[in-house]
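Let me begin by presenting the structure, written as structure tokens, before commenting on it.
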Amino acid sequence: MTFLNAIFRNLFSRPATRRYPFVKREPFPGTRGQLAIDPDRCIYCGICAKRCPANAITVSKTPSKSWTLDNYRCVICGYCVEVCPKKCLTMKQDYFSPK
Amino acid sequence: MAKLARSPWVVHYNCNSCNGCDIEFLACLTPMYDAERFGVLHVGNPKHADVLVVTGSVNHRNARVLRNVYDQMPDPKVVVALGVCTSSGGIFAGCYNVFGGVEKVLPVDVFVPGCPPRPEAILDGIVKAAARLGAKIRGETPPPVEKPKAAFQPAAVPEEKK
Amino acid sequence: MARKSVIPFGPQHPVLPEPLHLRLVLEDERVVEALPSIGYIHRGLEKLAEQKDYIQDAFLVERTCGICSFIHALTYCQGIEALLKLEVPPRARYLRTVWSEMHRVHSHLLWLGLLADAFGFENLFMQAWRAREEVVDLMEVTAGARIMLGMCCVGGVRRDLTDEQLAAVLKSMDKLNRQFDDLIPVILKDYSVQQRLRGVGRISRETAYERGAVGPVARASGVARDFRETGYAAYGELGFVPVVETEGDCYARMEVRLAELYQCLHLVRAAVRKMPSGPISVTPKGNPDGEYVSRTEQPRGEVVYYLKGNGGKNLDRLRIRTPTFANIAPLLAMLPGCELADVPVIVLSIDPCISCTER
Amino acid sequence: MEALLAFVVAWKPYVLAAAALVVAPVIGALLMGLDRILTARIQGRVGPPLLQPFYDIVKLLGKAPIALNRVQVVYACLHLALMMLVVVLLAMGQDLMMILFVHAFSNIALILGGMSVRSPYSRIGSQRQIMQMLAYEPILVLMVVGIYLIFGTFQISRIPAGGVPLLVQLPLVFLAFQMVISIKLQKSPFDVSTSHHAHQEIVKGITIEYSGPYLAVIEITHLYETCVLFTVVALFWAPNPLVGLLLAALSFLFQIVLDNACARLTTMWMLRYMWTLPMVLAVSNIAWLYLRNGASLG
Amino acid sequence: MLQNCKDVTRENLLTEVASRLPLGYRFVTMTCVDLGDAFDVLYHFDKNYELSTLRLRLPKGETLPSVSGLVFAAVLVENEIKDLFGIAVTGLAIDYQGHFILADGAPTAPLLKNPPPPTAPAAEGAPKNG
Amino acid sequence: MPTLLIVAPILFGILAWLSPTAPLRTLWVVLGGALTCAAGILTALRGAAEFTLPRWSDNLAYGIEIAVIAVIFAISFRLKDWRIGLLAVAQMVMAALERLLPHAALPPAATFVIDPLSIILILVISVVGSVIVLYAIGYMRKHEEHAPDTAAPTGRFFLFLVGFLGAMNGLVMANDLRWLSIFWEITTICSFMLIGHDGTDEARANARRALLINMFGGTAMILGGLLCAVQGNGNSLAHMMSAQALIPIALLCLAAFTKSAQMPFQSWLLGAMVAPTPVSALLHSATMVKAGSYLVLRLAPAYQGTRLSEIIAVAGAFTFAATSALAISQSNAKKVLAYSTIANLGLIVACAGLNTPLAYSAAVLILAFHAVSKGLLFLCVGAIEQKIGSRDIEDMGGIMYRMPITAMIALLGMVAMLAPPFGMLLSKWMAIEAAIFSPLVLFLIVMGSAMTVLFWAKWIGRIQTVSYHERYDAERLPASMFAALIILGAGVILTGILAFPLIPMTEGLVRGAYAGLALPEASFKALRTAGTFAAWPIFLFVGLGLLGAFFAVRRFSAAVIRPPYLCGENVGGTDVSYSFRSLMDKPDTAWSKSLYLKPVFSEDKITFWANLIACMIILTMFGMIGAL
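Below, the structure written as structure tokens:
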């Protein structure tokens, strides 16, 4: 019954809830949300694909050059961003929302 | 009629999850996110539930449990798969005891990616699932979920010269 | 009359956040026999670690468990660094300590909420998790993710904290301290909580030691063992003394964890204040070769990594013994004789992390 | 219009009963909705919309039925029917003791329904529910006895209007009755057999094997019961209905606060507790009435 | 290589373990390593944060005597080793018979360097009847 | 007619005993039962009457009494039990004393009196009793197959079973104390013989205990008669009552307590459960044990308003509460029934002690309703036991499928024991209302009722637990057993429906009983208001509930059926199965035993203390009226 303090404080103050779909919080500056690529700077070297712990990235040079990220496999560790020699990979702050 | 989707009762089963998704799911129920605003109750009992929240990939022992939990839910029902492990096995794809994502055992209605997904993403997923549930209650067949794997291909650039 | 009740407890059970199966034999509602079965969450991580290179493994082992993820990575990295004979820069050691302790705060608050859920105290669950959001936000601010920090790498850490961030950490610690002051003494004094925890699931110091209990389970029974005492990372420079209780029941385990919450705040503050300047990592050279056993203290107790390298990029063997694995044997000593209503409380009192246990 | 009025006057008890049957679940649902909002606020959350219980029940009614056997469905229906009977008897001003019995049997129907399936958690829940009844029934009986001692009858219809409010004469019984309400609403610290929100070691206990429409039947019964309980609270200040309502509101708030201030305790604790403090309260109140009435205690 | 490591044989394993317990050694865990033609079974003990290890070189095909009679805490890890390496462990206090963490249908002895091919086809979809 | 009621059963009993073949025996038994039944109904229709035997019959009665006591003495000799022998000798001495000592000259009283209370008892004995006898025919045929070698011949069984009906009829009609004690002792002998029927060590030991305790009661009764006569208050019940001779009355009540197995004398009735089930049904629940409560009830107006009345009420209520508590920890079906029987007898005694018209009416109704429902329950348990080979409640899961008719009838009997709209609940409600000004009694009755609900609900829960089947097994029972079950089942339903109108009907009976006393008119009015209770809503809503249920389950098919929640580890997916995968993936069957609360309510925890308290209550009883 010693919980009464907290109970009445909460009862008579505004709820702590962020009313999410209506009120959205700005992501923190360093947040790892989702991976983005600047295709112009990518050289398709494939280092990111090789280093990715989850094998979420595939890079192919033949027949045509392509860089593919499986967002449903990426664990958002950001390791690829670190190893990219051209720094063409970046981490965006907003999270990837389901389709 | 949209009211039909206002009472999604959730049962949660943790398959091969590392707990990350589970605690983020539980965080959705807590004051900061408060999923009960959408009528969500975490009932914990498949017989009362409308939404099955699955986390983690499927292994040889929990597949049967997952299937049983699903079978015990009364129709209409929807499945929300949280985290990348449920889609593909995530970082654990290739482990000897992981035979893939949840869709190998159950029809999944919503995949929520992320490792772990943020509570906001989970709320999005549950709201989407509730909408699909409402459609099912009305007797409609919601469109099949695109296997959302090859999702992101920003630069299939046929750029010849760099 | 001869037939006794036999009921399954888990794997799918709302008071168990993770799948664990107990086969309970009951007489009325008293537990006569309890046998565990696990394997619902076994992935085969140890084998996978042999297939990825030792840098990637840091991300892999972090996902052994989502609750103490950072400390898994820390233990692993410390092991690899020992094999590579790397000297980690002091600032990295301090940052590792800061994140470790943040993780401990988040883990203990999470545990408190789950325990409250297990004995039907929904409000306490909400309040504990509400306080936890503070530290989770702090982790996101400092490391960029709420839970899977991914900050520990072989040779140091991946991200530095600015002075403003360090100040924000201190401010958050003060805020948490106030929240704890609101919450913790109240919980400890609460009649209903005491009714549910005192005298429940008691094990003696001897049993705890013999059965290899670790972490708060051991410390609540009077076994003063906390691997932070050995002074890995920066603990040696922060004046660490383990929290010990002697009752050995669920209440003592809660007391230990609640006292550790304060201790964590203290450690974070001390680490931030003493934070040395300098580089945050060194680049690893060469490949691990040889055997090493790396140990640290997780929120749940001592974690043991056995690492064996063969001079290649991949490890020969990675073995993880997590604290919950060690605490299952003591758990089996606690269960017989308790009430069915106490089963979830006792199970949660060891703060089980089945995901860790089964890897 | 006059004919209608004449009809209403002539058939007053029946009209009342019919009206109560319709209104009671609505009030019950609103109370439950309010309960959920207040609980959420106490926990620092926003909570569901006020009409959430309606949404829940509408949804449950729309789900495919699943069950383990026929028997449990029969008992669910009896559970509801007997609870409706309680409402009708109350509205018609019938015998209080009989109402109490009917109410008990409504609960026993639920217990038997829970026992009729070979599901371990359901059975354990049922057994705990029996223990709950064992814990609170004596207090309800004592309450009814107290009313008899004051008015000299069990017939509600013959209880004189006005006079000294019950609360003044049965203050201790009133306090004990608050505990009974807490048990009946399945709130902490007494939510041992089933629980509306919190998780339990026996999952949902007695209602675990009911789902879809059958669960809706049980939920509707719960709405009736909630309404009945707080009506009885309001009757403790019958001379002035407004004060009665205030009393009910206070009691309602007390239930919610208690729920959020306590952990769930064990069945045996509940039995021990209910048979000590509330029992002593109720018994001493009744003893006082006896002594005042000048009856011998032999 | 490993701190305080001592070689033991199958014969003196139990006596070595038994002799450590009264000295205040606490059982930490066991590790099994596949060396190709043999196993290294390591018994880790701890005393005052000091690790000490017994190393048992176990040729493949031989049985491993259980220490769970002396140290109950070892029973889980011994069952695990039995599951993951396919080593026959004798005298277990609780014997899960190779189904401790691996279910029916899972690969057998997966942690061997060259695991045997799966005998049963890996379960595809839900095993309908459990 | 009364002669027929007494003599016919005894005669046909002897005929059955002497018949050389089983079919002939069956014929005699059926005839005897039918005749008794017809005679009972006729007697009831003819209403109240009195019969005075001629003067010479006194000698006859004395002769019979001595003969009966001599038989018991012979039995004690064979049993080598000096305690029984001593009691027999004491009885003989007191009987002789009563004859030798000078009596005050009182106007002669009727030897046999048939009043409304007797009529109810006669109806119970001859109708319910005959039905049970009918059941016994089929039961004993099966019983013979499994009975131990030591068992007595079935002919002898029927001698005592059918003959008992005569003795019992005599008992409830007797006004003369000597005839009363004659029939009293004969029922004791019948009970002794029937308990010992199987001849096992246990049966013999329990029979001996029953004899001993009932002999103790019989001795108290003869002592009461002796005292009454010596004090110059005559030798009939009517005399004793009009004289308000409290000490003899208390002694008779003590005798009644032993017969009704009130605490602390309950042990013999529990032991008596070793007898074949028809015996338990007839003697040990429906009729013989009722003799005790009947006597207390008959004497009630005589001690109305005395301290004795209060303490009898407390004694009865205490037995009710204590035995209800004891029943909780039992899993032996017959023992539960035995405890429940004792409890209900205690309730009747308590009502008698409350001694208001309302309570009196409640007591009579309980007496009648209980006889029907409990007799039925014993018969069901007998049938179930013969089918499943166990009388353990825990083994009765699934009988709903294996023997649906018996199970349904058993459920009916149990529901009739506690739920609305059946009479037992109604009578209990009357009892509570009557006890409203006796707080202690009220408290005990309330507690006892709560615990009654606990053990019945447990049992009902176990019996009705059933897995889903498209259709049930066909059930085969011997015709006689089947007929008996159906008749009594119908009786239960009938009394259930008639319960409400029956209450005002008892007013005449009650007025007759309290005729000599100037009770306030308001106390009778309570009976009428109880009857005006609106019963129809109860029927309406129970009917509505059942109708709703009917519509809900009508569409049931296998598709609706799902297995129980077993934490997701069900074996067999969607099939209904109670197995779950447990350790090592091996299937294991989930099972949950009922709650027995052994640590709190077990016999060895409660019995001693409860007996102690009961002894103290009885001592207080005698102390209060100045007998000590």
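Just so you know, the protein sequences line up as chains A, B, C, D, E and F, in that order.
With the first letter of the first sequence counted as 1, position 39 gets the number 39 in the working numbering; the numbers rise by one all the way through.
Take the position in the second sequence, starting the count at 1, then add 1000; the result is the number in the working numbering.
Take the position in the third sequence, starting the count at 1, then add 2000; the result is the number in the working numbering.
Take the position in the fourth sequence, starting the count at 1, then add 3000; the result is the number in the working numbering.
Take the position in the fifth sequence, starting the count at 1, then add 4000; the result is the number in the working numbering.
Take the position in the sixth sequence, starting the count at 1, then add 5000; the result is the number in the working numbering.
A virtual CB, placed ideally from N, CA and C, is assigned to each residue, including glycine.
Residue i and residue j: beta carbons closer than 8 Å?
| i | j | result |
| --- | --- | --- |
| residue 5132 (chain F) | residue 5026 (chain F) | no |
| residue 4070 (chain E) | residue 4008 (chain E) | no |
| residue 5494 (chain F) | residue 5376 (chain F) | no |
| residue 4055 (chain E) | residue 2212 (chain C) | no |
| residue 1095 (chain B) | residue 2045 (chain C) | yes |
| residue 3088 (chain D) | residue 3140 (chain D) | no |
| residue 2054 (chain C) | residue 2274 (chain C) | no |
| residue 4081 (chain E) | residue 4030 (chain E) | yes |
| residue 2104 (chain C) | residue 2260 (chain C) | yes |
| residue 5234 (chain F) | residue 5109 (chain F) | yes |
| residue 5459 (chain F) | residue 5393 (chain F) | yes |
Identify every residue that forms a DSSP beta bridge with residue i.
| i | result |
| --- | --- |
| residue 5236 (chain F) | F:5176 |
| residue 66 (chain A) | A:60 |
| residue 2320 (chain C) | C:2305 |
| residue 4027 (chain E) | E:4045 |
| residue 5332 (chain F) | F:5392 |
| residue 77 (chain A) | None, per the DSSP bridge assignment. |
| residue 3067 (chain D) | F:5561 |
| residue 5114 (chain F) | F:5049 |
Taking the straight line between their C-alpha atoms, what separation do you get for residue i and residue j?
| i | j | result |
| --- | --- | --- |
| residue 3212 (chain D) | residue 2172 (chain C) | 46 Å |
| residue 5521 (chain F) | residue 5436 (chain F) | 18 Å |
| residue 5372 (chain F) | residue 5128 (chain F) | 7 Å |
| residue 5031 (chain F) | residue 5048 (chain F) | 26 Å |
| residue 5456 (chain F) | residue 5374 (chain F) | 12 Å |
| residue 3111 (chain D) | residue 1013 (chain B) | 29 Å |
| residue 5364 (chain F) | residue 5357 (chain F) | 11 Å |
| residue 3260 (chain D) | residue 5342 (chain F) | 45 Å |
| residue 3258 (chain D) | residue 3188 (chain D) | 7 Å |
| residue 5614 (chain F) | residue 5267 (chain F) | 13 Å |
Determine the DSSP secondary structure at residue i, reduced to helix, strand or coil.
| i | result |
| --- | --- |
| residue 5139 (chain F) | helix |
| residue 5618 (chain F) | helix |
| residue 5017 (chain F) | helix |
| residue 5011 (chain F) | helix |
| residue 3017 (chain D) | helix |
Give, in chain order, every residue of the region 2304–2318 of chain C whose Cβ lies closer than 9 Å to some Cβ of chain E. 2304, 2306, 2308, 2316 and 2317
Residues of the region 2163–2189 of chain C whose Cβ lies closer than 7 Å to any Cβ of chain A, in chain order: Answer in chain order: 2182, 2186 and 2189.
Chain C contacts from the region 50–63 of chain A (Cβ-Cβ distance under 9 Å): 51, 52, 53 and 54
In chain order, what residues of the region 2111–2142 of chain C put their CB closer than 7 Å to some CB of chain B? 2126, 2129, 2130 and 2133
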